[in-house]
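Chemist: Before I ask anything, let me first share the structure, which is written out below as C-alpha cells.
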Amino acid sequence: MMQPKLKMRLGDLLVHEGVINEAQLQQALTNQKSSGRKLGKALMDLGFVTEQHLHTFLAQQLKVPLLDIAEIRLDPVTVKLIPEMQARRYRALAIEEHADYILIGMSDPADLTALDALGNILSKPIQVAVVMESQLLDAYETVYRRTEEIASFAQELASEYQDEQEFDFMSGVSGEEDTAVARLLQSIFEEAVQMKASDIHIEPDEGMLRIRQRIDGILQENVIKEHNIANALVLRLKLMSRLDISERRMPQDGRTHISVKGHRIDVRISTMPVQHGESVVMRLLDQSAGLLTLEQAGMPAAMVRRFSLMLGRPHGMILVTGPTGSGKTTTLYSALARLNQPGVKIITVEDPVEYRLPRISQVQVNSQIGLDFSSVLRTTLRQDPDIIMVGEMRDTETVEIGLRGALTGHLVLSTLHTNDAISSAIRLIDMGAPGYLVASSLRAIVAQRLIRKICVDCKQDYQPSADEVFWLNNVKAGAGHLAYKHGRGCQKCHHTGYSGRVGVFELLEMTESMMNALKNSDTVAFSQAAKESPGYASLAEAALEYAKQGVTSVDEILRLVEMVTDDRNDREADHAEIGSQDNQPARLTEAVQPETPKPQAPHSDSNKWELE
C-alpha cells in the first residue's frame, strides 16, 4: 500500500512555500483548536487559500495525481468496495479497480489513520489520488444511492413469502413483516427525496417489480427481482392513505404525509389494477420547501409585471394552460399567495387540494357524493368571494359558471389542458361556451411548460448541427447561428447533462381585436390577432431565450417544439374530423394552423428528433 507522506507538517510547508504567512497559520491553528476541524478546512474557511489551490499544492507535494471526479463515470460496483459510512468518515472514494491495486481518491492522502483503515477494508493494495472534498461530498449523494439497501430490504421481505400466493392480502402484515415493509418504503422515499424525484412508480411485472422515479421529468428505473413483495407494498401504502384494502379491481386515489430527512412530504397516491397486480403512482410534494414565487418558477420579470397587473383587476377570468406536470398548479398557487390579503375573500375548488394556504377557503371535490366542480362552484358564488380559483375547467357547465362568475364581479383563476395560449380561448368555444361570453370574461391566458436546465458543473460550449440550425431558424430567424451550451454529463447530474427544471411561459393578454373575433366566433381572426398582439412570444421563443442565456440546451428547445407541434397537429386532425362529420368547414382547424407549414428537417440518419 502506497502511503504518501509530507516531509513536514502541512501548515509549516504552506508557510515555507509562501502560500500563507506565519500570522495566518497561527490564526488558522487557533481556529482549528476551537472548531475541531482540520487545518486545511480552517484555512479555506478563513479565506487564506482556495480549495482548488490547497488540493493542487497537496497533490504536488505528495507527488500524486489530482483528479476531477466530476468528469469520471464511476462504476457503482467499484464505489461500493468502500461502505458509505467509512467513505464519508475518511473522505475517500474507490475510483478504479485494477488487477493489482485499487485507486482511491481522498481529500487528505496524508491522513495515515485513514489510509490504514482503508487498507484493512480493501482486499488489494491502494494507490492514492487527491480529490477536492466538495467533489467527494457531491459524489456521495449520487453514487451511494439506496439501490442496494432497497434490494436488501426487498430480499428480507420476500423471504417471508416463499410464494406470492402465500400472502393473504386481507389479513395484512404484522410484526417482523410489517417492520420489513416499513423499512423498504422508508428507503424508497429517502432515495426519492435525495434524488429530488417528483413521482414514484411501483409497477409489478412478470417475474419482477419495477420501481421508477421521475427526476427532472424523466423516469429512472430500478428493477427488483422479488416480485412477490408487490402486494405487501401496495397494502401498506393503502393503509397509509386510508384506502379500501379489500378493493383490488377498481382504481383508488388517496393521500398521506411522511417526514423524510427533515422534509415534510405530502404524498398523493393513485392505484390502478394492471395485468400482474396493482400499479401505484405517488406524487411527492415537499411542503417544507414552501411555495415558489413566479420569479423562482422562471417567469421573466417583464412578464411578472404584466401578469401582476392582470391579477390586480377586480373581475375577469385568467387561465393557466399546459399538459399534466407542466407546473400549472404552482403558478396558480404563486398567484394566490400574491392575492392573499386580510381584506380579500378567496375560495378554491380543487381536486385534490395540494397546498394548504392560510386564510383561503379550500374545497376538496368529491364526485362520489356529487360534490363536483360545477356544484361546488355554484355554491361558491353565494359565499361572497372576491377571488375564485377553480382547479380545472373540465366540462361545459363548469366553464359557463366560471365565465359568468367572472362577468359578475369576481376574479376567476383556473387551468385548462390545452397546447398553448392561443388555442385556450378557442377551446372554451369548442367546449360549448358562447363566443360573446368568452370575449366578455376572459382577460389573460398563461401557457407554460417545464424544460430541463443544463448542469452548471459540466456546462460547455455547443455547436448546433446542420439539422438543428434548420429547426432553430424556424423558431426565430437567425437563431441557428447563436452561441449555445450543453452539459457533457458528470457525477452531479448522473451523466445526463441536466440538473433541475425551469418554467417557460407564454402570456396572451386579450385585446379589442381578439375580443371582437371571439364575439363573432371567428377563430381564424382571433388566432391572427393574437399572434400580432404586442408583447406576445411563443413557448418556443421563450425557451430560445433561456438557451441564449446558457440555461437550457438546443435539444430541450427542439423537444419543446416537437411536443407543441405534435399536440397541435393531433388537435387539428380531431377538429377536421368533426368538421367533416358535420359537413361543415372546420374553422377551428384554420384557427390553430401555424402561419407556415411545419418545417421538414434535412435528411439525417440520427435519431435526434425522436421524443425522449
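Numbering-wise (the numbering used here), the sequence shown opens with residue 14 and increments by one. A virtual CB, placed ideally from N, CA and C, is assigned to each residue, including glycine. Just so it is clear, the structure is predicted and the values come from calculations on it, not from any experiment.
Is it the case that the Cβ atoms of G230 and R514 are separated by a distance below 8 Å?
Modeler: The answer is yes: Cβ separation under 8 Å.
Chemist: Within the chosen definition, does the segment 470-478 reach the segment 519-537 through at least 3 CB pairs nearer than 8 Å?
Modeler: These segments do not touch.
Chemist: Taking the alpha helix (DSSP H) that A538 belongs to, which residues open and close that run?
Modeler: Residues 536-544.
Chemist: Which same chain residues, not among the five before or five after M295, have their C-beta less than 6 Å away from its C-beta?
Modeler: Within the same chain, M295 has close Cβ partners I213, V280, I282.
Chemist: If you count every other CB in all the chains shown that lies within 10 Å of the CB of E363, and 16 or more means buried, which is it?
Modeler: E363 is buried by the Cβ-count criterion.
Chemist: According to DSSP, simplified to helix, strand and coil, what is I258?
Modeler: The answer is coil: DSSP assigns I258 none of H, G, I, E or B.
Chemist: To which residues of the same chain is A310 closer than 7 Å at the C-beta, ignoring the five residues directly before and after it?
Modeler: Here the set comprises G340, T343, T344, S347, G516.
Chemist: Output needed for L23: all residues of its chain with C-beta closer than 8 Å, excluding positions within five of it in sequence on either side, in chain order.
Modeler: The answer, listed in chain order, is L52, G53, L71, A123.
Chemist: How is F483 classed by DSSP in three states: helix, strand or coil?
Modeler: Helix at F483.
Chemist: Could you say which of E219, N529, S540 lies nearest to R440 if we only look at CA atoms?
Modeler: Out of E219, N529, S540, S540 has the C-alpha closest to the C-alpha of R440.
Chemist: Measuring alpha carbon to alpha carbon, tell me which of V378, L149, G356, S380 ends up nearest R372.
Modeler: Among V378, L149, G356, S380, the Cα nearest to that of R372 belongs to G356.
Chemist: Which residues share a DSSP beta bridge with V564?
Modeler: Partner(s): none; V564 has no beta bridge.
Chemist: Under the three-state reduction of DSSP, which class applies to K341: helix, strand or coil?
Modeler: K341: helix per DSSP, three-state reduction.
Chemist: Is H68 closer than 8 Å to L56 when the C-beta atoms are compared?
Modeler: It is not a contact, given that the beta carbons lie outside the stated cut-off.
Chemist: Would you give the residue range spanned by the alpha helix (DSSP H) that I435 belongs to?
Modeler: Looking at the DSSP string, the run of the alpha helix (DSSP H) that includes I435 is 434-443.
Chemist: Taking DSSP as the reference, what is the three-state secondary structure of F518?
Modeler: Three-state result, F518: strand.
Chemist: Taking C-beta to C-beta, are L59 and I82 nearer than 8 Å?
Modeler: Against a cut-off of 8 Å, the Cβ pair of I82 and L59 comes out as no contact.
Chemist: Looking at C-alpha atoms only, which residue of Y511, Q140, T361 is the closest neighbour of C468?
Modeler: Nearest of Y511, Q140, T361 to C468, Cα basis: Y511.
Chemist: Quick check: A556 and I464, are their CB atoms within less than 8 Å of each other?
Modeler: A contact, by the Cβ cut-off of 8 Å.
Chemist: Here's the rule: buried if 16 or more other CB atoms are within 10 angstroms of the residue's CB, otherwise exposed. What is G418?
Modeler: So G418 ends up on the buried side.
Chemist: Do A195 and Y153 come within 8 Å of each other at the CB atom, strictly closer than that value?
Modeler: Not in contact: Y153 and A195 (Cβ atoms no closer than 8 Å).
Chemist: Please check the pair A130 and M119, which I expect to be a contact at CB under 8 Å, by giving their CB distance rounded to whole angstroms.
Modeler: Rounded, the Cβ-Cβ distance is 11 Å, inconsistent with contact.
Chemist: Could you work out which residue in M221, S147, Q300 is closest to Y368 when comparing CA atoms only?
Modeler: Measuring from the Cα of Y368, the nearest candidate turns out to be Q300.
Chemist: Identify whether M523 lies in helix, strand or coil by the three-state DSSP scheme.
Modeler: Coil at M523, not helix or strand.
Chemist: Counting Cβ pairs closer than 8 Å, one from the segment 412-428 and one from the segment 437-454, do we hit at least three?
Modeler: Touching, yes.
Chemist: Give me the Cα-Cα distance between E239 and M221, rounded to the nearest whole angstrom.
Modeler: So the two alpha carbons sit approximately 6 Å from each other.
Chemist: Using the DSSP secondary-structure output, state which residues sit across from L384 in a beta bridge.
Modeler: BP columns for L384 point to N379.
Chemist: Grouping DSSP H, G and I as helix and E and B as strand, with all else coil, what is N649?
Modeler: No statement about residue 649 is possible, as the shown extent of the chain runs from 14 to 625 and does not include it.
Chemist: Hey, H289 and D218: beta-carbon distance below 8 Å or not?
Modeler: Yes, they are a contact pair.
Chemist: Whose C-beta lies closer than 7 Å to the C-beta of G31 among residues of the same chain, with five residues either side of it excluded?
Modeler: If we look at G31 and ignore the five residues flanking it on each side, it has no Cβ neighbours.
Chemist: Quick check: the Cα distance between E234 and L450, rounded to an integer number of angstroms?
Modeler: One C-alpha to the other measures close to 48 Å.
Chemist: Would DSSP call P89 helix, strand or coil?
Modeler: Three-state result, P89: helix.
Chemist: Could you give the distance in angstroms between the alpha-carbon of Q226 and the alpha-carbon of T393?
Modeler: Going by the C-alpha atoms only, they are around 38 Å apart.
Chemist: Assuming S566 contacts K489 (C-beta within less than 8 Å), just tell me the rounded distance between them.
Modeler: About 16 Å separates the two Cβ atoms, so there is no contact after all.
Chemist: Would L552 pass as a contact of V459 if the rule is Cβ separation under 8 Å?
Modeler: Not in contact: L552 and V459 (Cβ atoms no closer than 8 Å).
Chemist: Checking 8 Å against the spacing of the C-beta atoms, do G335 and Q461 come in under that value?
Modeler: Closer than 8 Å, so yes.
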